[in-house]
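Here's the structure we're looking at; comments come further down.
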Amino acid sequence: MKPYVRWIILAAGALAAVGLFVIVRPSSEPDRGGATQATSSNTPSPQATDGTTEPAETPSPSPSLTADVTVIEVTVQGGAVDGPSEPKVQQGDRVRIVVEADVADEVHLHGYDLSAEVRPGRPAEIEFRATATGVFEVELEESGLVLFQLRVVP
Amino acid sequence: MRRRIAALVVLAAAWSVATAAPALAHGLGGRVDLPVPRWLFVFGAGTALIVSFVALSALWTEPKFECRPADPARPSLLQSVLTNRSLEWVVRLLALGLLVVVVIASLRRVSPTETIGPVVVFAWFWVGLTFAHALLGNLWATLSPFDTIGRLASLDYRYESPPRAYPKAWGRWPAAILLFGFVWIELVDPFADSLGSLGLVILAYVLITLAGMTVFGRRAWTENGEAFAVFFGLIARLSPLARDGEGRVIARPPLAGLAEVEPAPGLLALIMVALGSTTFDGLSRTNLWVSNTASLTGIERVGVYTAGLLGVILLVAAAYSLAMAAAARVVGGPWHALAVRFAPSLVPIVLAYAVAHYFSFLLIEGQLGIVNASDPFDLGWDLFGTAGWSVNLALLSATLIWYVQVAVIVIGHIGGVVLAHDRAIALFDRAAAIRTQYALLAVMVLFTASGLLILSG
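First to last, the sequence lines map onto chains A and B. So in our numbering, spot 35 of the first sequence is number 49, and the numbers just go up one at a time. So in our numbering, spot 87 of the second sequence is number 72, and the numbers just go up one at a time.
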């Protein structure tokens, strides 16, 4: 094989890889606003009365942050989990996790490392802003029961 | 006398394993990377295919890595620092001191994120040192506290022969089995319910290592039985830096070191454990796995996870063996000999898997080590003023993580293809070499694609 043939093959390979990248890449990045609409609609927030509902936690509300809260509710009964297994929220969203259970335990959101007590008749509530992307497990700490995997997407 | 010590050490090791009430990695890994977008997966897998075809038709025809002349060691100021014996011992004793701190911290019966123990073991040591070895060469040869203990206990048997000569047939099997033990504890987390177990596990490993060194001598055990010395040593072969026979630092092309790996029994098993365990870790974090195992607790969970880990390792081994059997039909001869010969070309893929799966873990969860360094034993200290810091979960954007993951998987694939090609043309004539590569490239594309698939699932 002549040396130049080798270079042509290498160049063709590189070109093919670049071409593949251009072809398979989605034509436009999915725009943030539209996706937020879609995800927060899975549980409409009851307290969208703006202004009064946001306590001191967000002292300087920037325009991109809405007063909407994405609520994720699950119920634990007899060791079985009823609720979404892989709920998706947008990065920057306010999220409230509500867990009802027929046992006393501690609900733990890994990564963000937030916990709340749950008792029969007393649901646990964890509310936070999803600043970091990733997949985060929510589990009952004592029993080790995984409730769901929260996906925070960019 | 020595035999009695060895018996005592083995007994003590057995005792500490049996009574270990050992809470480990999963408490640490609270955050998992988002799945790679489907289009990026298609791009990565497609590129791996293109690379493979280019390699078949256009790579060099004379081996470049095999039988290279020795690289010269150049004298320099840096050289004299790196070969300074006193400095070496300062580093050794510091690393030994760190082991003591980590063991004490890991024995504390508190949550794994509270002390410096688990984060140093699973993020800094296991992930961080793997990456560092690929870049800087065999650091563990100097850092290993196990090796240092062996030297301090004069288990070198310089003037006599050790009680037993190391059985050649064992090869690297002890290291492969112990590495499996480590990934089992990391990924299956069998002692999750008993806090402080990690400390006992480390102590047990120290005792096993001491026993091995007492019976077979420090050098033989380090080469064959000390899991991390063998694993890090293999990864260090990728590095452009190495030490020559006299301990001087030399520079060489990256990957070249892998051509010099001597085949030994168990080496392939060790590589399969490394490859399979990372694959299983990815698999066990997919929603499919998590939602199907969510309700398992206690011994059931341990059983299912252990079966999963073993199953994935065996699947990886089966795929590789099958490809080697196909290649052996082409060139003749036993497939097993061929499998051992080509094993080093899987090491770049091992590293690529590790980087893709764990680099965000190292950079994000690893921050906990900086926080906990101020309060290593969870006693309320603030030695360096970092105790009040918290982990920045948003350090790396999801897009950055995706691009890095796909890039390293593809680069690892290129490394593997290049090494396999080089070895094939060194072993066989050109036509046969090309034909052995079909099967090998197929299995590498399979590993790369399944690595990407798990990242995108």
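Backbone N, C-alpha and C define an ideal beta-carbon position, used for all residues, glycine too. Just so we're clear, the structure is a prediction, and the values are computed from it rather than from any experiment.
>> Within a Cβ cutoff of 6 Å, which residues of the same chain sit near A:T84, ignoring the five residues on either side of it in sequence?
In response: S54, V103, D107, V109
>> Quick check: the Cα distance between B:T384 and B:L347, rounded to an integer number of angstroms?
In response: 17 Å
> When you check each C-beta in the stretch 99 to 118 of chain A against every C-beta of chain B, which residues fall closer than 9 Å?
Replying inline: S99, E100, Q105
>> Among B:G317, B:T371, B:A244, B:H406, whose alpha-carbon lies nearest the alpha-carbon of B:C52?
In response: B:A244
> Between B:P239 and B:L223, which are expected to be in contact by the criterion C-beta below 8 Å, what is the C-beta distance as a whole number of angstroms?
Replying inline: 6 Å
> Over what stretch of residues does the beta strand (DSSP E) that includes A:F142 continue unbroken?
Replying inline: 138 to 143
> Which stretch, first to last residue, makes up the alpha helix (DSSP H) that contains B:D132?
Replying inline: 130 to 137
> Can you name the start and end residues of the beta strand (DSSP E) that B:I235 belongs to?
Replying inline: 234 to 236
> When DSSP builds the beta bridges, which residues end up paired with A:F150?
Replying inline: A:L164, B:R16
>> If you measure between the beta carbons of B:A308 and B:L425, is that distance less than 8 Å?
In response: yes
> Listing by chain order, which chain A residues have their CB less than 7 Å from the CB of B:G31?
Replying inline: L34
>> Do B:T278 and B:R270 have their beta-carbon atoms positioned less than 8 Å apart in this structure?
In response: no
>> Check whether chain A comes within 8 Å of B:W169, counting only Cβ atoms and requiring the distance to be less than that.
In response: no
> Taking the C-alpha atoms as reference points, what is the distance between B:Y343 and B:V112?
Replying inline: 7 Å
> Using a Cβ cut-off of 7 Å, which residues of the stretch 271 to 288 of chain B contact any Cβ in chain A, in chain order?
Replying inline: N272, V275, S276, A279, S280, T282
>> For the stretch 353 to 384 of chain B, list every residue whose C-beta sits within 7 Å of some C-beta in chain A, in sequence order.
In response: L378, A379, S382, A383, T384
>> Which same chain residues end up closer than 8 Å to B:V36 when comparing Cβ atoms and leaving out the 5 residues on each side of it in sequence?
In response: V395, H398, I399, V402
> Which of helix, strand or coil does DSSP assign to B:S280?
Replying inline: coil
> Among the residues of its own chain, which have a CB less than 7 Å from the CB of B:F165, if the five just before and after it don't count?
Replying inline: V258
> Per the contact definition of three or more C-beta pairs closer than 8 Å, is the stretch 135 to 146 of chain B in contact with the stretch 352 to 366 of chain B?
Replying inline: no
>> Residues of chain B with CB closer than 7 Å to the CB of A:Q163, please, in chain order.
In response: N272, V275
>> What does DSSP give as the partner residue(s) for B:V430 in the beta ladder?
In response: Its beta-bridge partners do not exist; DSSP assigns none.
>> If contact is defined by three or more beta carbon pairs under 8 Å, each pair taking one atom from either stretch, is the stretch 138 to 149 of chain A in contact with the stretch 121 to 129 of chain A?
In response: yes
> Distance, Cα to Cα, A:Y18 vs B:K153?
Replying inline: 49 Å
>> Please report the straight-line C-alpha distance between B:V95 and B:V87, rounded to a whole angstrom.
In response: 14 Å
> In chain A, what lies closer than 7 Å to B:S42 by C-beta?
Replying inline: I23
> Would B:L443 count as contacting chain A if we go by Cβ distances under 8 Å?
Replying inline: Chain B is shown from -14 up to 442; residue 443 of chain B falls before or after that span and cannot be answered.
> Going by beta carbon distance, what residues of the same chain come within less than 6 Å of A:V132, once the five residues before and after it are set aside?
Replying inline: V113, A115, D119, V121, A138
> Applying the criterion that 16 or more other CB atoms from any shown protein chain within 10 Å of the CB defines a buried residue, is A:W21 buried or exposed?
Replying inline: exposed
> To the nearest angstrom, how far is it from the Cα of B:I386 to the Cα of B:P147?
Replying inline: 49 Å
>> At the level of alpha carbons, what is the spacing between B:I419 and B:V428?
In response: 15 Å
> According to DSSP, what are the bridge partners of A:K102?
Replying inline: A:R165
> Buried or exposed: where does A:Q163 fall if 16 or more other Cβ atoms within 10 Å of its Cβ makes it buried?
Replying inline: buried
> Can you tell which of B:P250, B:Q390, B:G197, B:Q422 has its C-alpha closest to the C-alpha of B:R157?
Replying inline: B:P250
> Helix or strand or just coil, what does DSSP make of A:S157?
Replying inline: coil
> By the criterion of Cβ-Cβ separation under 8 Å, what are the contact partners of B:R35 in chain A?
Replying inline: A small fix is needed here, since residue 35 of chain B is Ile in this sequence, not Arg. Within 8 Å Cβ-Cβ: G27, A30, A31, L34.
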